[in-house]
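Using this note's numbering, the first residue of the sequence shown is number 60, and each one after it goes up by one.
A short worksheet on the structure shown next.
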Amino acid sequence: MLMRVLIVLSIIFLMSAESQAQFWFGPKAGIQMNNHAYQDKTYRKQYDINPDLNWHAGFALQYTTDRSFAVHTELIYQQIRNSVGNTPEGLELESKSTYSFLSVPMLGRATLFSAGPVSFFAVAGPRLSFWLNGSGNYYTKEGDDNFGVGGGSYNVSFSESVDGVGDGILTVRKSNRLQFALDFGVGTLLDLASGQRVAVELRYSKGHSNMALDSFPLQEGVSYEENLQYANNQILVSAALLFGYNPTDRRKGSSTNKLSNKKKK
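Written as structure tokens, this is what we have:
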């Protein structure tokens with residue numbers, strides 16, 4: 060529902076303010092802290108699970124009607140890790156995985172206040188993420204009698220075969236490859252004398268889709284099951300360098316290298 064509202068608002072602004080439209084685009088990069096929200100509330104008490112600090116990078120695009128509102132989207136590559144350690148019951152365990160995503164947030168940006176070339180803004184809207192691939196490694200030892208010792212590395216597969224690890228492949232049959240989240244954040248925007256903009260942003264992303272719909276054993280004969288029934292919550296800090304383009308200036312035959320309020324003589 061929220062995505063439909065944003066799309067309708069975007070169309071309205073495109074139709075009603077074409078003469079003032081400005082596009083901003085450029086590279087964006089930053090870091091994020093991932094905290095996995097497990098569907099099983101007791102899972103974190105059973106295993107040692109640590110938050111993950113990782114990175115993201117990609118391309119940002121904004122459509123602005125004026126300095127007070129913009130429609131913002133991105134195409135971002137992200138890596139998200141999960142690390143599961145020993146249990147209080149004595150199971151020796153180490154399971155580490157790394158997953159890659161393409162994320163596309165669709166956000167509305169509203170200016171809170173401005174002071175000369177500096178402005179402060181808030182953003183909110185939905186995020187869609189596509190699970191590209193993954194890999195990992197694990198080690199387990201069940202009890203003191205060395206029963207169930209094993210481990211190895213694997214790559215993630217999304218085929219329709221039985222869930223589990225075999226021949227270096229971890230098959231996740233009931234995966235959610237397209238995942239949904241809601242983003243909220245604040246930031247600052249600095250207009251440079253050269254005509255570009257620098258945006259610095261702090262954002263929280265609340266995940267609403269689990270990685271998968273099931274758990275699965277990493278090894279036959281060991282009680283531990285890898286749990287992918289969790290959503291990815293993230294705190295993101297990023298910076299972007301944005302270049303301006305105004306189609307009305309192009310129609311008038313003026314330069315689009317710099318967006319300026321000064322009229323050319």
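For glycine and all other residues, C-beta sits at the position ideal for the given N, C-alpha and C.
All of these numbers come straight from a predicted model, not from anything done at the bench.
Euclidean distance between Cα positions of residue i and residue j
i      : j      : result
GLU153 : HIS115 : 25 Å
ARG121 : THR170 : First, the residue type needs correcting, since residue 121 is Gln and not Arg in the sequence shown. Roughly 13 Å between the two C-alpha positions.
LEU112 : ALA88  : 14 Å
TYR304 : VAL231 : 44 Å
PHE179 : ARG256 : 13 Å
ASP99  : TYR289 : 8 Å
SER297 : LYS200 : 40 Å
ALA252 : PHE160 : 36 Å
VAL245 : ARG186 : 16 Å
SER274 : ILE135 : 28 Å
ILE139 : ASN196 : 15 Å
VAL163 : ALA181 : 18 Å
THR101 : GLU133 : 35 Å
PHE172 : PRO306 : 26 Å
GLY210 : GLY266 : 30 Å
ARG103 : ALA174 : 46 Å
Same chain, Cβ closer than 6 Å to residue i, five either side skipped, listed in chain order
i      : result
GLN326 : Because the chain spans 60 through 324 in this model, residue 326 falls outside it and cannot be assessed.
PHE243 : ALA183 and TYR263
LEU287 : MET270 and ALA271
TYR97  : TYR289
SER234 : PHE217 and ALA271
GLN238 : SER188 and SER268
LEU229 : TYR213 and VAL215
Proximal residues to residue i (C-beta, below 8 Å), its chain only, five neighbours per side dropped
i      : result
SER194 : SER156, THR157, SER212, TYR213, ASN214 and VAL215
LEU301 : TRP83, PHE84, GLY85, ALA119, GLN121, GLN255, ARG256, VAL257 and ALA258
LEU261 : GLY244, VAL245, GLY246, ILE294, LEU295 and VAL296
PHE128 : PHE72, GLY167, ARG168, ALA169 and THR170
Rounded distance between the beta-carbons of residue j and residue i, thought under 8 Å
i      : j      : result
ALA299 : GLY85  : 6 Å
HIS95  : ASN291 : 6 Å
TYR106 : VAL143 : 5 Å
Chain-order list of residues whose beta-carbon lies under 7 Å from that of residue i (same chain, five-residue window excluded)
i      : result
PRO176 : LEU249 and ASP250
LEU191 : SER159, PHE160 and LEU161
ARG236 : PHE189, TRP190 and PHE217
ASN109 : SER142
ASN145 : ASP107, GLU151 and LEU152
GLY117 : LYS87, GLU133, LEU134, ILE135 and TYR136
Original post:
In chain order, which beta strand (DSSP E) runs of at least 3 residues are fully inside the segment 228–307?
Top reply: 228–230, 237–250, 256–266, 274–276, 284–286 and 289–304
**OP:** Quick one: which unbroken beta strand (DSSP E) runs of 3-plus residues sit fully inside the segment 135–209? Chain order, please.
**Re:** 151–174 and 177–201
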